[in-house]
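What follows is a short report on a single structure.
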Amino acid sequence: MNRATSAFLAAVFTAICGAAAAEPPSTFPATPPAPGAAPTLSIPTPTSQTLPNGLRVISVRRDGLPLVTAQLVVRSGDEMDPPSQAGLADLTANLLTKGAAGLSAPQIAAAAETLGSSLSATAGWDESDVAITVTTPRLPQALALLAKVVRQPDFSAHELKRAQAQAIDDVRLNLSKPTALAGLVAARGTFGTGAYGHPRSGTPASIARIGRVDVQQWHAALYRPDNAILILAGDITPAQALQLAQTSFGDWPRPSAPLPARRPGSGDRSLPAMVLINQHGAGQAGVVAAHPAPPRSDGHYYDGLVADAVLGGSYSARLNEEIRIKRGLSYGAFSELQPLGNAGAWLASAQTRNPAVPQVVDLMLGQFRQLGDEKVSDAELAARKATLIGSYGRSLETTTGLATQLAELALYDVNLDEISRYPERVGAVTPHQLRKYARKHLRADEGTVVVVGDAGQFAAAMRKAYPKAVLLDAATLDLDRADLGAGAATH
Amino acid sequence: MRLRPIVLLASLILLAASGSPAPAAATDLHVAPVRYQQRTLPNGLQVLSVEDHGSPNVAVQMWYHVGSKDDPKGRSGFAHLFEHLMFKSTRHMQAEQMDRLTEDVGGANNASTGDDVTNYFEVVPSNYLQTLLWAEAERLSSLNVDEPNFKSERAVVEEEYRQSVLANPYGKLFNAIDPNSYTVHPYRRPTIGSIEDLEAATLPDVIDFHRTFYRPDNATLIVAGDFDPKQLDAWVDQYFGWIPKPSTPIPRVTATEPKRRKNRRVTVTADTAPLPAVALSWLIPPAADSADTIALQVAAALLARGDASRLYQALVYRHQVARQVDAEADVRVGPGLFLAYAILASGHAPEDAEKLLHEEIIWLATQPIDAAELERAKTLLLTDELKQRQTAQGLAFALGQAALIGGDVARVNTDLAALQQVSAKDVHRVLQKYVTGARYVTIDYLPPAKTGAPASGENAK
């Protein structure tokens, strides 16, 4: 049938476009021309220095364009949120630019934008960041502004109130997206009551519980020079970087109190392995499958990166090949390894039409098994390593990309020389190491699969295939609780 | 796009441009001119290139002068569906071989379809330049999609529709802007199309579309990054030179959008969006009218670029009626749109935001504009431009935008000077002419009536 159809179409093609689609001459090869000698990727060498107050200053030079990215990284993020105040690190970071050192929020915004870009302040799981990218002559002013917001924020009551209302709206917007909600529930399934288990940006209830004193205390305890890194990437020398850092941050006092202890990233896990969530009116279902993974300090980090690259790290990786390219079930299916400070997760996700959920879940789980069961071919491995290394090299082409890579290395106490060793490390991973990593970290009995969508179109089929699956409703989930407030349903 | 959902074309890219340091500006920003080369092959293929050895990569882009405005009758979404099919088989390439020649060797590829253009873009280690030139010539000269590939890729595009329009809480709103903003011009068809029209598409449609629009005299090849110019010319001649130029004319959209005679208001139902929204649109002139469109882009930046902007300060910060606001000059080859929209804050209705949107725009159009504020808006746009030019891909996009949307590649270096010279008077003039003195369409985006979110019912008119 297919062959017959193709032959017929080929005929139509020739008939219709015979004139336009002329036969190529002999000078046009029938196979792709072979590549020339490979160019070498040159990665600039970073310099690291530490001020007397403990602030680590890292700079990397990339001239060509008169641009510099300045990024101040505080080595604490939402993993330090008290369990009842999920989103505290986010809210604190957000408030930095909403009044500081005698400047109001509009004045700070205007000052930054006059220099050329917005001053963005955000929190992640393990860090809080304030960053700005400006043309070189404006760097001293940009750093002075950055120092003001980091060191002397007002945290005024009226700004807190405004930021809370906005954060609650943002959370509501996010929860209306099927894959975003599935991701939050999958994180709960993976980390349970641990520090990485709660919704990182909080819930409407947890955000409302945060008071001004909480924000002030969080800032006082964690925003300090011996818990921070300043990164300057772009058109700047190490000597200039040190001098500018000294000017803006040299007199930032180091408190004598020790840094607060961290909670373990993972805790008690109480969600079932298959969670179905009905979201009224969802035009598509979001499917997220998560497994616990090692922290960034894991000695097999590069094995994990390469395993993830084969599984779903790019367009041509297996998940997208099976779910999108071969079957047209989704616009895209991908995976991501997320190694954090003291735990990690390995996530796969896809959005699909509601009735196709069982098939997409099957394909995902099948790919997890296959990665641990079968040896990856040399050709596939070489291709995915090239994808990974190429993408890494391109990420270093911009000043913000360079700053991001350095921030990650410094945050996780990795030797900065690793920035240029990445191609070699990725290249050294063997099929055996990859398979071993997959077998260990994609175990079926460790994973949590979460589907958010119009459950009427898939719940019955899913419960038949997975009798232990639970069905919840998006409108009644309590995301502040490790069991989602669904204790009754799961027992 | 193959990987990312279709969004409103970011009009700021039009300012993907720079010139000699503008003497009149009080800014210390210096954006060096792009030193590009330009030539046209006898078969009509335009070739633009710019050398930049900052990284060992090269960007290869093919821009075709065809977009969703050229969708065949009853086939909305076709130009975009077609874009996906260009990754399937050709005379000498198997389906997805483009990925083998890019991703698998350390590069990347993607494509996008807009109202006016379709572009295919790759970035690869520079030793693969020859390979990619061959591959682009190959799919320009012979596309050979089979039925199974056609059907499975059409299903992918339907998932893209569901993801960007149905599952995105504000997808239906953005998808409703063009259909409600134009009455005659084919821009009124959304680029993503509809499930029904996609289902109606056939393989003969694909063949016909390729024959009609994918021809050397309707394409621009752009190469930026690490290459040798002489070698590039030789390869381009070898791989593209033989492709015949058809004798038939290229169909062009000739529709003109009539001037609006009255304001219009429509309501779109939000299925899953937790907060209502409101969007306003006005008609603006084509990109060729650079004096007015660049001033409109500065006006949009004054209104909505950054937290210090007028709309953010008024709606999000001071009155707190909105959670998000934006304004943009969506400049196109044909008539474009000036857009302003707000996603409401909890407890507020679209009319609260709508009133303030109009007030702020009128204020900007009529009252003095502080020189520092104007300078700030320009600085933001210029710094964006510098950031874009850090990569080969960014440089190539800047050239393509100038050549195909702006209509003249030289605009990559002249629009910046024009931007530097935009005055408060210019901002007043264009806002009064196209916005405050013209008719607008209002789209209310509201939850379904029966679920009755607060204050949503009474303002639908």
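Protein chains in written order, with this note's numbering: chain H, 1 to 491; chain C, 1001 to 1461. Quick reminder that beta carbons are idealized off the backbone N, C-alpha and C, glycines included.
query: Could you check if C:ASN1109 is buried or exposed, using at least 16 other CB atoms within 10 Å of its CB as the buried criterion?; result: buried
query: Under 8 Å between C-beta atoms, does H:TYR196 make it to chain C?; result: no
query: Below 6 Å CB to CB, which residues in the same chain sit around C:PRO1021 once its five sequence neighbours on both sides are set aside?; result: Residue placement at C:PRO1021 cannot be trusted, given a pLDDT of 30 that sits under 50; what the coordinates show is reported in the next sentence. Excluding positions up to five away in sequence, the list reads HIS1030.
query: I'd like the list of long-range same chain contacts for C:VAL1441, defined as Cβ closer than 6 Å, with 5 residues on each side in sequence excluded.; result: ASN1180, SER1181, ARG1264, SER1281
query: Determine, using beta-carbon pairs with one atom in the region 330-340 of chain H and one in the region 298-309 of chain H, whether at least three such pairs fall under 8 Å.; result: yes
query: Residues in the region 282-302 of chain H with C-beta within 7 Å of chain C's C-beta atoms, listed in sequence order?; result: ALA282, GLY283, GLN284
query: Which one of C:MET1062, C:ILE1207, C:LEU1344, C:TYR1445 has the shortest CA to CA distance from C:ALA1270?; result: C:TYR1445
query: Quick one: what's H:THR122 bridged to in DSSP?; result: H:ASP129
query: Quick check on H:PHE458 - is its C-beta less than 8 Å from some C-beta in chain C?; result: no
query: Pick out whichever of C:TYR1317, C:GLU1360, C:ILE1294 has its Cα sitting closest to the Cα of C:ALA1417.; result: C:ILE1294
query: Excluding five sequence neighbours on each side, which residues of the same chain lie with their C-beta closer than 7 Å to the C-beta of H:ALA101?; result: LYS148, GLN152
query: Using 8 Å as the limit for Cβ to Cβ distance, is H:TYR422 near chain C?; result: no
query: Give the straight-line distance between the Cα atoms of H:GLN164 and H:ARG212, rounded to the nearest whole angstrom.; result: 11 Å
query: Please report how far the alpha carbon of H:LEU232 lies from the alpha carbon of H:ASP154, in whole angstroms.; result: 26 Å
query: Identify each residue in the region 1291-1321 of chain C for which the Cβ-Cβ distance to at least one residue of chain H is less than 7 Å, and report them in chain order.; result: GLY1306, ASP1307, ALA1308, GLN1313, TYR1317, GLN1320
query: Answer yes or no: do H:ALA245 and H:VAL449 have a C-beta to C-beta separation smaller than 8 Å?; result: no
query: Check distances from the C-beta atoms of the region 150-167 of chain H to those of chain C and list, in chain order, the residues that come in under 8 Å.; result: ARG162, ALA165, GLN166
query: Considering only the alpha carbon of each residue, which of C:THR1414, C:ALA1340, C:LEU1380 lies closest to C:ASP1436?; result: The sequence shown places Thr at residue 1436 of chain C, rather than the Asp named in the question. Cα-wise, what sits closest to C:THR1436 is C:ALA1340.
query: Alpha carbon to alpha carbon, how far is H:ALA182 from C:LEU1275? Give it in angstroms, no decimals.; result: 20 Å
query: Applying a beta-carbon distance threshold of less than 9 Å, which residues of chain H neighbour C:GLN1061?; result: The premise fails here: C:GLN1061 is roughly 15 Å from chain H at the closest Cβ pair, so nothing lies under 9 Å.
query: Rounded to whole angstroms, what is the Cα-Cα separation between C:ARG1389 and C:ALA1398?; result: 8 Å
query: Does DSSP put H:ILE236 in a helix, in a strand, or in coil?; result: coil
query: Please check the pair C:ARG1075 and C:ALA1200, which I expect to be a contact at CB under 8 Å, by giving their CB distance rounded to whole angstroms.; result: 7 Å
query: From what residue to what residue does the alpha helix (DSSP H) around H:PRO339 run?; result: That residue, H:PRO339, is in no alpha helix (DSSP H); its beta strand (DSSP E) goes 330-339.
query: Between H:LEU222 and chain B, is the shortest Cβ-Cβ distance under 8 Å, so that the two count as touching?; result: Absence of chain B from the displayed structure is noted, the protein chains being H and C.
query: Looking only at its chain, what residues have a beta carbon closer than 7 Å to the beta carbon of H:VAL426, apart from the 5 residues adjacent to it on each side?; result: TYR302, LEU305, VAL306, LYS385, LEU388, ILE389
query: How many whole angstroms separate the CB atoms of C:ASP1217 and C:ASN1413, which I take to be in contact at a CB cut-off of 8 Å?; result: Contact flag wrong, Cβ pair sits at about 25 Å.
query: Check distances from the C-beta atoms of the region 1069-1090 of chain C to those of chain H and list, in chain order, the residues that come in under 8 Å.; result: none
query: Is the region 1053-1069 of chain C touching the region 1209-1226 of chain C, taking contact as three or more C-beta pairs under 8 Å?; result: yes
query: Flag this pair as yes or no: are the beta carbons of C:PRO1285 and C:HIS1185 separated by less than 8 Å?; result: no
query: Between H:ALA273, H:ILE277, H:TYR315, which lies nearest to H:ASP445 when the distance is taken from Cα to Cα?; result: H:ALA273
query: Tell me, please, whether the CB atom of C:ALA1111 is closer than 8 Å to any CB atom in chain H?; result: no
query: Between which two residues does the beta strand (DSSP E) holding C:ARG1323 run?; result: 1322-1330
query: Give the straight-line distance between the Cα atoms of C:ALA1299 and C:LEU1357, rounded to the nearest whole angstrom.; result: 13 Å
query: I want to see whether chain C comes within less than 8 Å of H:PRO336, judged by CB atoms only; does it?; result: The question names Pro, yet the displayed sequence has Glu at residue 336 of chain H. No, no contact with chain C.
query: Between the region 29-59 of chain H and chain C, which residues of the former have a C-beta closer than 9 Å to a C-beta of the latter?; result: PRO29, ALA30, THR31, PRO32, PRO33, ALA34, PRO35, GLY36, ALA37, ALA38, PRO39, THR40, LEU41, SER42
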